[in-house]
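**Q** Count the sequence shown with the numbering used here and you get residues 195 to 273, in order. Glycine included, each C-beta is placed from N, C-alpha and C at the ideal position. None of the values given here were measured: they were computed from a predicted structure. Let me give you the structure first, and then I'll get to my questions.
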Amino acid sequence: MSRWTTKERMEHIREKYYERKRKWFIKVAFGIIALLLFYWLFTSLKAGEWLNAVVAFILFILVVILAIFVVDMHEDHLD
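Right under this line is the structure:
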């Protein structure tokens with residue numbers, strides 16, 4: 195005998211699907227932000243603006259760390 199009814203099983207599958215979709219969206223959003231910061235870092239270094247380059251590098255590192263923590267937090271809910 196199955197421990198879940200068909201309705202419960204479909205609801206569980208739907209929850210997992212939406213959780214994976216949210217995780218994918220978060221990865222894409224953080225990836226775009228990180229790429230923009232990396233582009234800012236590269237163009238600042240090329241133009242010789244060291245202060246902007248340092249700020250861009252610090253923000254880039256913070257976004258990468260934040261992305262790792264947010265994605266790990268969302269992976270805990272996946273069964």
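Output yes or no for whether 8 Å exceeds the beta carbon distance between Phe224 and Ala261.
**A** Yes; because the gap between Cβ atoms is below 8 Å, this pair is in contact.
**Q** I believe Val265 touches Ile220 by the beta-carbon criterion, under 8 Å. Please report the beta-carbon distance rounded to the nearest angstrom.
**A** 6 Å
**Q** Which value, in whole angstroms, describes the spacing of the CA atoms of Lys240 and Val258?
**A** 22 Å
**Q** DSSP state of Arg197, grouped into three classes?
**A** coil
**Q** Quick one: residues in its chain with C-beta nearer than 6 Å to the C-beta of Leu253, no 5 flanking neighbours on either side, listed in chain order?
**A** The residues are Leu231.
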